[in-house]
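Only one structure is covered here, and it is reproduced in the block below.
Numbering (full-length UniProt numbering), first residue to last: 1 to 80.
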């Protein structure tokens, strides 16, 4: 069962399965997290969140992509 995302998760860090920081949750809307990407490596963020457009300004993921939610972060499932 996937963890449920709520407004309480806004502001949490989003990390990949290996601990790479992808960004911060800006907003949760009906189980979809809108992410403010980490200013460092946009290519990693795009690959991890399956964003193909290099000029994309919107980065999102759904609850089905979540492995774990803690008090400080949301960990996404590993890429297969």
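Here a beta-carbon is modelled for each residue, glycine too, at the ideal position from N, C-alpha and C.
Since we're looking at a predicted model, the values are computed, not measured.
Taken through DSSP and simplified to helix, strand or coil, residue 77 comes out as coil. Within the region 11-38, the runs of beta strand (DSSP E) at least 3 residues long that lie entirely inside it are, in chain order, 13-15, 21-29 and 32-37.
In the three-state scheme derived from DSSP, where H, G and I count as helix and E and B as strand, residue 45 is classed as helix. Pairing residue 55 with residue 13, the inter-Cα distance amounts to about 22 Å.
When DSSP states are grouped into helix, strand and coil, residue 63 belongs to the helix group.
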